[in-house]
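Take a look at the structure set out below.
Number of protein chains: 2
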Amino acid sequence: MTDRLSTTLSALADPTRRGILAQLARGEATVGELAEPYDMSLAAVSKHLKVLEHAGLITRGREAQWRPCRLKAAPMAEVADWVGEYRRFWEQSLDRLEDYLAELQKGDPGGTKN
Amino acid sequence: MTDRLSTTLSALADPTRRGILAQLARGEATVGELAEPYDMSLAAVSKHLKVLEHAGLITRGREAQWRPCRLKAAPMAEVADWVGEYRRFWEQSLDRLEDYLAELQKGDPGGTKN
DNA sequence: TCGTTATTCAACCACTCGGTTGACAGGCAT
DNA sequence: ATGCCTGTCAACCGAGTGGTTGAATAACGA
């Protein structure tokens, strides 16, 4: 699992870490501030931060005894690119769903006229 | 880790599984066909397919002794939506990078004139 | 210098993951 | 019926994950 996209995706595949990113999207924060919403030890949050840092999703500075974290969304661009390759597949199925619903609205029972 | 977005992301956070999805994007395939590019047992691929199915990323039919798989990209839409929320963050940093490079090109050493 | 605050480190635990192997089951074809 | 494909299941293994606790580090405040 050494490729970067896998590292990014697995870093994102955890609700706590996504919560941390959401919090950082509202601005820089210290470890303690980031940990506050969660019912887990500071050490656990520190580990999550290490995962995010390793994935390049955050950077950590040092200000006195605090280690403020900042969001670095760059790796997400790769995720967006990758998933974008599949857009036509899900849009196509949504289209089919919409068509189906439209047929229902028009009162065409079953929509099997072809 | 019961939420759907986490399930989807962790299913995608494996290069073998992403490879399988890429193959399915080119059309329906059987387990054997999907396994062929990989240097691992059929059982291992079967497990990967179970993960993908559980994440709703594929469906499996049954035709005689074959179990053909089809891509179902719908869950990826949620990923695209989520990551899209952060677009401005990475675009902003790319902009800053571009600005910085532009400054370098213009021969403004350091770009610290403000 | 001593205590407090903020954070990390190290060891440990239960659990999950990605892989293996061997046995098994469903559906052809002879 | 027998055997051959195709695929899954079950048990196992080593490595990784997400959490805990307690000790260690670092910087400030008195």
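Taken in order, these protein sequences are the chains called A and B.
Under the numbering used here, the first sequence is numbered contiguously, ending at residue 1003.
Under the numbering used here, the second sequence is numbered contiguously, ending at residue 1003.
Cβ coordinates follow ideal geometry from the N, Cα and C atoms, glycine included.
According to DSSP, which residues form a beta bridge with residue i?
i, result
"I947 of chain B", "B:L960"
"A918 of chain B", "B:C958"
"E952 of chain A", "A:W955"
What does a CB cutoff of less than 8 Å around residue i pick up in its chain, not counting 5 residues either side in sequence?
i, result
"L938 of chain B", "I909, V920, L923, I947, R949 and C958"
"R907 of chain A", "L901"
"Q954 of chain A", "none"
"R956 of chain B", "T919, V920, R949 and G950"
"L913 of chain A", "L923, I947, C958, R959 and L960"
"T897 of chain A", "A944, G945, L946, P964, M965, E967 and V968"
Assuming residue i contacts residue j (C-beta within less than 8 Å), just tell me the rounded distance between them.
i, j, result
"Y975 of chain A", "A962 of chain B", "4 Å"
"M965 of chain A", "V934 of chain B", "Actually they are not in contact, since the Cβ atoms of M965 of chain A and V934 of chain B sit about 29 Å apart, beyond 8 Å."
"A969 of chain A", "A932 of chain B", "Wrong, their Cβ atoms sit about 34 Å apart, outside the cutoff."
Can the beta-carbon of residue i be found less than 9 Å from the beta-carbon of residue j?
i, j, result
"S899 of chain A", "P904 of chain B", "no"
"E967 of chain B", "R893 of chain B", "yes"
Ignore the nearest five residues each way along the sequence and tell me which others in residue i's own chain have a CB closer than 7 Å to its CB.
i, result
"G945 of chain A", "K961, A963 and P964"
"E925 of chain B", "none"
"K1002 of chain B", "Only weak support is given to the placement of K1002 of chain B: the predicted model assigns it a pLDDT of 35, under 50, and the value that follows is read from those uncertain coordinates. Result list for K1002 of chain B: empty, nothing under 7 Å."
Keeping to the same chain, check which residues put their C-beta closer than 6 Å to that of residue i; ignore five residues upstream and five downstream.
i, result
"P998 of chain B", "In this prediction, P998 of chain B scores a pLDDT of 41, lower than 50, which makes its location untrustworthy; the coordinate-derived value is nonetheless stated afterwards. Around P998 of chain B: no qualifying Cβ."
"V940 of chain B", "A900"
"F891 of chain B", "With the sequence shown as reference, residue 891 of chain B is identified as Thr, and Phe is not the correct amino acid for it. If we look at T891 of chain B and ignore the five residues flanking it on each side, it has no Cβ neighbours."
"E917 of chain B", "P957 and R959"
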